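**Q** First, the structure itself, so that you have it in front of you.
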Amino acid sequence: MDGPAILVGLLLFLVAAIVERVIPGLGLPRRAVWATSMAGSVILPLASVLVPSGEPTAGVSGIVGSAVARGGGPGLELSVAPDLWWVDPVLLAGWAMATAAVSFVLIRSRLELRHDSSRWVHGEVCGSPVTISPSTGPAVVGFIAPVVVVPGWVVSELDEWSQRMIYVHEREHIRARDPLLLLLGLAAAALFPWNPGIWLGLRALRQAVELDCDARVVRLEGVRSAYGSLLLDVARHLNQRPPTSIAVTSPPLERRIRFLTNAEPIPGWPIRTFLLTAACAISLIVARLPSPPRPSIEWRVSGSDELMNPPSSYGLPPSPPDSRPRLVNRHETPGILDGSYPPMLRDAGVGGTAVVWIYVDPRGRVERTSILESSGNPELDRAAQGASMEFQYRPAVTDGRPTAEWIQQSISFLPPPSPGSVSGRIRLAIWTTPTLPTLVAMR
Numbered sequence: 069m070d071g072p073a074i075l076v077g078l079l080l081f082l083v084a085a086i087v088e089r090v091i092p093g094l095g096l097p098r099r100a101v102w103a104t105s106m107a108g109s110v111i112l113p114l115a116s117v118l119v120p121s122g123e124p125t126a127g128v129s130g131i132v133g134s135a136v137a138r139g140g141g142p143g144l145e146l147s148v149a150p151d152l153w154w155v156d157p158v159l160l161a162g163w164a165m166a167t168a169a170v171s172f173v174l175i176r177s178r179l180e181l182r183h184d185s186s187r188w189v190h191g192e193v194c195g196s197p198v199t200i201s202p203s204t205g206p207a208v209v210g211f212i213a214p215v216v217v218v219p220g221w222v223v224s225e226l227d228e229w230s231q232r233m234i235y236v237h238e239r240e241h242i243r244a245r246d247p248l249l250l251l252l253g254l255a256a257a258a259l260f261p262w263n264p265g266i267w268l269g270l271r272a273l274r275q276a277v278e279l280d281c282d283a284r285v286v287r288l289e290g291v292r293s294a295y296g297s298l299l300l301d302v303a304r305h306l307n308q309r310p311p312t313s314i315a316v317t318s319p320p321l322e323r324r325i326r327f328l329t330n331a332e333p334i335p336g337w338p339i340r341t342f343l344l345t346a347a348c349a350i351s352l353i354v355a356r357l358p359s360p361p362r363p364s365i366e367w368r369v370s371g372s373d374e375l376m377n378p379p380s381s382y383g384l385p386p387s388p389p390d391s392r393p394r395l396v397n398r399h400e401t402p403g404i405l406d407g408s409y410p411p412m413l414r415d416a417g418v419g420g421t422a423v424v425w426i427y428v429d430p431r432g433r434v435e436r437t438s439i440l441e442s443s444g445n446p447e448l449d450r451a452a453q454g455a456s457m458e459f460q461y462r463p464a465v466t467d468g469r470p471t472a473e474w475i476q477q478s479i480s481f482l483p484p485p486s487p488g489s490v491s492g493r494i495r496l497a498i499w500t501t502p503t504l505p506t507l508v509a510m511r
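Position one of the sequence shown corresponds to residue 69 (the working numbering), numbered consecutively onward.
Now the structure itself:
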């Protein structure tokens, strides 16, 4: 149950409500606006979680590093939020129960409708095949293979023109694939029952498909006032309709009547421009909303910055973790060292080896460096430290958790052996010893 996801759903609902106010003057389908709003309420939060952000994270809890044993010096702690390990399982269980409850209601309604359908018979309305029920309808029943269902009183009490209008209305629902559209809306509400934006969008979508269908029927038949009177007559007869089908009426009926009688106010262009501007502004807010938070490590440092100094400055040897940091961008190190070698020193044949302390944080990133043994040239020392900052590691692991660790790295810059041997690409040679690996840049 995610706060940003709920906020996205409500903001997109507001955008759709604003855009719908502008639509009457543009002749666009309302249901497309609400379908887009509901799709965004589902897709945007999912995308922010499923699409990698490029930020490596570690899902640790509690203290995962301290003092020199974890490479930090006294007073340094790596921590996350308070230990609320039970929250996620409880929320997920509540989510699953709510989804199951909504799904149960929908499935039960569908089964009841299937049971009632055993009493339905096949018939015709104005020469078109329909299913006649005792009281269900007028409605389109079914999602994959929808059929038109009309109650018996439509055939027995209404004249031929009224029967034809009812059939045309339901046929337009089928032609526009409205049953499938509502099925997707119901699925979104069942999967995210805690998001009020989706429920509000589903309610608006049901109204939108009816208004759009009314508009198509009127455009085909050209009978606004008579069609409005028919809606009122059907509303008086309507006894029940299945919750998972589309019926000829949907609340509020008054809005459909206002639409048919041209009584629904249409804003002028200044107001439309303002509303569209507001919709664009809210859409930008949605686009700028932060992604849902992921588990990540927070730094909490007590004392001065000296606590981040390498272990040698405290006169204490580092305690070995279960596994030390491992270089993962090994293929990039030749280019890193080549770019870090000062051109003037390389051309002058000046080289050297520097031993660097490298502080690798629990995410595997180099946080800082320090010279343990100088190369004898300050420029080469700075080059070695600069190259070290671009290395990427798999973090050290202690007791199954990523930890911060200081490591030593020997970096050598070797000039060409002779003035004439300047050709060839820079190569990386790594010697792994029990104490010190060495990175060598040479030509």
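Don't be surprised by glycine CBs; every beta carbon is placed ideally from N, CA and C.
Model, not experiment: these values are computed from the prediction.
(1) Ignoring anything shorter than 4 residues or poking outside the segment 243-322, list the alpha helix (DSSP H) runs there in chain order.
(2) Report all residues from its chain with a CB closer than 6 Å to the CB of Val-277; omit the five preceding and five following residues, and keep chain order.
(3) Please list the segments of the alpha helix (DSSP H) lying wholly inside the segment 408-468, counting only runs of 4 or more residues, in order along the chain.
(4) Can you tell me which of the three DSSP states Arg-398 falls into?
(5) From Leu-279 to Leu-160, what does the alpha carbon distance come to, in whole angstroms?
(6) Would you call the CB atoms of Trp-267 and Trp-163 closer than 8 Å?
(7) Can you name the start and end residues of the alpha helix (DSSP H) that Trp-188 belongs to?
(8) Pick from Arg-274, His-305, Glu-435 and Ser-293: whose alpha carbon is nearest that of Ile-325?
(9) Does the segment 247-258 touch the segment 221-236, meaning 3 or more C-beta pairs lie closer than 8 Å?
(10) Would the beta-carbon of Pro-483 fall within 8 Å of that of Arg-414?
(11) Do Ala-464 and Ser-391 count as a contact pair if the criterion is CB distance below 8 Å?
(12) Hey, quick one: how far does the beta strand (DSSP E) through Ser-201 stretch, first residue to last?
(13) How big is the Cα-Cα spacing for Pro-393 and Thr-466?
(14) Decide if Pro-411 is buried, meaning its Cβ has at least 16 other Cβ atoms within 10 Å, or exposed.
(15) How is Pro-157 classed by DSSP in three states: helix, strand or coil?
(16) Identify whether Phe-481 lies in helix, strand or coil by the three-state DSSP scheme.
(17) Under a three-way DSSP split, which group does Pro-97 fall into?
(18) Should His-399 go down as buried or exposed, given a rule of 16 or more other Cβ atoms within 10 Å for buried?
(19) With a Cβ-Cβ cutoff of 8 Å, do Asp-424 and Asn-445 count as a contact?
(20) Put Pro-206 into one of helix, strand or coil per three-state DSSP.
(21) Per DSSP, which one or two residues make a beta bridge with Gln-476?
(22) Go ahead and label Pro-120 buried or exposed: buried means 16 or more other beta carbons lie within 10 angstroms of its beta carbon, across all protein chains shown.
(23) Give me the Cα-Cα distance between Asp-429 and Gln-453, rounded to the nearest whole angstrom.
(24) Could you check which residue in Glu-289, Arg-323 and Pro-202 has the C-alpha nearest to that of Val-222?
(25) Got a sec? Which residues, its chain only, sit under 8 Å from Arg-187 by beta carbon, not counting five neighbours each side?
(26) Which residue comes first and which comes last in the beta strand (DSSP E) that contains Pro-219?
(27) If contacts are defined as beta-carbon pairs under 8 Å, then Gly-74 and Pro-264 qualify, I think. What distance do you get, rounded to the angstrom?
(28) For Pro-113, which of helix, strand or coil comes out of DSSP?
(29) So, at 7 Å on beta carbons, what are the nonlocal neighbours of Tyr-461 in its own chain, with the 5 sequence-adjacent residues on each side left out?
(30) For my contact list, Pro-206 and Glu-240 are in at a C-beta cut-off of 8 Å; report their separation, rounded to the angstrom.
(31) By how many angstroms is the C-alpha of Leu-300 removed from the C-alpha of Leu-288?
(32) For Thr-167 versus Ala-84, is the C-beta distance shorter than 8 Å?
(33) Among the residues of its own chain, which have a CB less than 7 Å from the CB of Val-170, if the five just before and after it don't count?
(34) Which of the three DSSP states, helix, strand or coil, is assigned to Pro-393?
(35) Throw me the rounded Cβ distance for the Ala-455 and Ile-404 pair, which I believe falls under 8 Å.
(36) Where Ile-212 and Thr-345 are concerned, what is the direct C-alpha to C-alpha distance, given to the nearest angstrom?
**A** Checking against the coordinates, here is how it stands:
(1) 246-259, 264-289 and 292-305
(2) The residue you call residue 277 lines up with position 209 of the sequence shown. Arg-99 and Asp-246.
(3) 411-415 and 446-456
(4) Walking along the sequence shown from the start, residue 398 turns up at place 330. Of the three classes helix, strand and coil, the one that applies to Arg-398 here is helix, per DSSP.
(5) In the sequence shown, the residue the question calls residue 279 occupies position 211. In the sequence shown, the residue the question calls residue 160 occupies position 92. Their backbone Cα atoms lie some 37 Å apart in a straight line.
(6) Mapped onto the sequence shown, residue 267 falls at position 199. Mapped onto the sequence shown, residue 163 falls at position 95. Going by C-beta atoms, Trp-267 is not nearer than 8 Å to Trp-163.
(7) For the purposes of this step, residue 188 is taken as the residue at position 120 of the sequence shown. No alpha helix (DSSP H) contains Trp-188, which DSSP labels as neither H nor E.
(8) For the purposes of this step, residue 325 is taken as the residue at position 257 of the sequence shown. Of the listed residues, the one whose Cα sits closest to Ile-325 is Ser-293.
(9) no
(10) The count along the sequence shown starts at 1 and reaches residue 483 at position 415. The count along the sequence shown starts at 1 and reaches residue 414 at position 346. Yes. Within cutoff.
(11) Here residue 391 is taken as the residue at index 323 of the sequence shown, counted from 1. Here residue 464 is taken as the residue at index 396 of the sequence shown, counted from 1. Yes, they are a contact pair.
(12) Stepping through the sequence shown from its first residue, residue 201 is reached at position 133. Residues 196-201.
(13) The sequence position of residue 393 within the sequence shown is 325, counting from 1. The sequence position of residue 466 within the sequence shown is 398, counting from 1. One C-alpha to the other measures close to 11 Å.
(14) Here residue 411 refers to the residue found at position 343 when the sequence shown is read from its first residue. The residue in question, Pro-411, is exposed, as its Cβ has fewer than 16 Cβ neighbours within 10 Å.
(15) The residue labelled residue 157 in the question sits at position 89 within the sequence shown. Helix, per DSSP.
(16) Here residue 481 corresponds to residue number 413 of the sequence shown, with the count starting at 1. Strand, per DSSP.
(17) As a working note, residue 97 is residue 29 in the sequence shown. Pro-97 falls in the coil class under three-state DSSP.
(18) Your numbering for residue 399 matches position 331 in the sequence shown. That one is exposed.
(19) Within the sequence shown, the letter at position 356 stands for residue 424. Within the sequence shown, the letter at position 377 stands for residue 445. Looking at the sequence provided, one finds Val at residue 424 rather than Asp. Not closer than 8 Å, so no.
(20) Your numbering for residue 206 matches position 138 in the sequence shown. Looking at Pro-206 - three-state DSSP - the assignment turns out to be coil, as it is neither helix nor strand.
(21) For the purposes of this step, residue 476 is identified with residue 408 of the sequence shown, where counting begins at 1. DSSP lists Trp-425 as partners of Gln-476.
(22) Position 52 of the sequence shown, counting from 1, holds the residue named residue 120. Because Pro-120 carries a pLDDT of 48, less than 50, the predicted location of this residue cannot be relied on, and no value is offered for it.
(23) Position 361 of the sequence shown, counted from the start, is the residue given in the question as residue 429. Position 385 of the sequence shown, counted from the start, is the residue given in the question as residue 453. Approximately 16 Å, taken between the alpha carbons.
(24) Against the sequence shown, residue 222 aligns to sequence position 154. Comparing Cα-Cα distances from Val-222 to each of Glu-289, Arg-323 and Pro-202, the minimum goes to Pro-202.
(25) Along the sequence shown, read from residue 1 onward, the residue named residue 187 stands at position 119. Excluding sequence neighbours, Arg-187 sits near Ser-201 and Pro-202.
(26) For this step, residue 219 is matched to residue 151 along the sequence shown. Where Pro-219 is concerned, the enclosing beta strand (DSSP E) stretches over 215-219.
(27) On the sequence shown, position 6 is the one that residue 74 refers to. On the sequence shown, position 196 is the one that residue 264 refers to. Here residue 74 is Ile; the residue named in the question, Gly, does not match the sequence. The Cβ separation is near 7 Å, so the contact holds.
(28) As a first step, residue 113 is located in the sequence shown; it is residue number 45 there, counting from the start. In this structure, Pro-113 counts as helix in the three-state DSSP scheme.
(29) Within the sequence shown, numbered from 1, the residue matching residue 461 stands at position 393. So the list reads Pro-393, Arg-394, Leu-395, Val-396, Val-428 and Gly-432, once near-sequence residues are dropped.
(30) Counting from 1 along the sequence shown, the entry for residue 206 is found at position 138. Counting from 1 along the sequence shown, the entry for residue 240 is found at position 172. About 12 Å separates the two Cβ atoms, so there is no contact after all.
(31) For the purposes of this step, residue 288 is identified with residue 220 of the sequence shown, where counting begins at 1. For the purposes of this step, residue 300 is identified with residue 232 of the sequence shown, where counting begins at 1. Each residue's alpha carbon lies about 20 Å from the other.
(32) The residue labelled residue 167 in the question sits at position 99 within the sequence shown. The residue labelled residue 84 in the question sits at position 16 within the sequence shown. The answer is no: Cβ separation not under 8 Å.
(33) For the purposes of this step, residue 170 is taken as the residue at position 102 of the sequence shown. Correct list, in chain order: Ala-257, Ala-258 and Pro-261.
(34) On the sequence shown, residue 393 is found 325 positions in, with the first residue counted as 1. Note: Pro-393 maps to coil in three-state DSSP.
(35) Start at 1 with the first residue of the sequence shown, and residue 455 comes out as number 387. Start at 1 with the first residue of the sequence shown, and residue 404 comes out as number 336. So it is a contact: roughly 5 Å between Cβ atoms.
(36) Locating residue 212 in the sequence shown gives position 144, counting from the first residue. Locating residue 345 in the sequence shown gives position 277, counting from the first residue. The straight-line gap from Cα to Cα measures roughly 39 Å.
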